[in-house]
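Step one of this worksheet: look at the structure below.
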Amino acid sequence: NDAHSEFTFRIRSLLDKHGVSWQTGDLGRVDLGGGGTVAAFIANLDVDTIDVGVPILCMHAPFELSSKFDNYSAYRCYSVFLSEK
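Mapping the sequence shown onto this note's numbering, position 76 (from 1) lands on 117, and the numbers just tick up by one.
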């Protein structure tokens, strides 16, 4: 992602503080930018932006796979983020 390191640190610290499991990932070529989300458009409005989501195996295939633990961790991540003041 292209988020400022300070914003990334705040998000990581928040998740660590609440015991939420997380990991980072790359989307392939660095020079191509994000994975086709609206994050780039929001970031152009000078809003700190990070793509957060559940890792999916075989996305957009007839059958997609995800981990129940990853889904629960994403739920906890969103809950913690939205309840933070």
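Built from N, CA and C at the ideal position, the CB exists for glycine as well.
Buried or exposed (CB count within 10 angstroms, at least 16 for buried), residue i
i, result
"residue 61", "buried"
"residue 99", "exposed"
"residue 80", "buried"
Spatial neighbours of residue i in its chain, beta-carbon cut-off 8 angstroms, leaving aside the 5 residues before and after
i, result
"residue 45", "89"
"residue 51", "none"
"residue 59", "117 and 121"
C-beta contact flag for residue i and residue j at 8 angstroms
i, j, result
"residue 107", "residue 95", "yes"
"residue 55", "residue 125", "yes"
Limits of the alpha helix (DSSP H) - the one that residue i falls within
i, result
"residue 49", "46 to 58"
"residue 106", "Neither: residue 106 is in no alpha helix (DSSP H) and is coded neither H nor E."
"residue 83", "80 to 84"
Own chain partners of residue i with C-beta closer than 7 angstroms, once the 5 adjacent residues on each side are dropped
i, result
"residue 12", "What the structure shows of the chain is the stretch from 42 to 126, and residue 12 is not part of that stretch, so it cannot be assessed."
Cut-off 6 angstroms between Cβ atoms - residues of its own chain near residue i, not counting five sequence neighbours on either side
i, result
"residue 83", "90"
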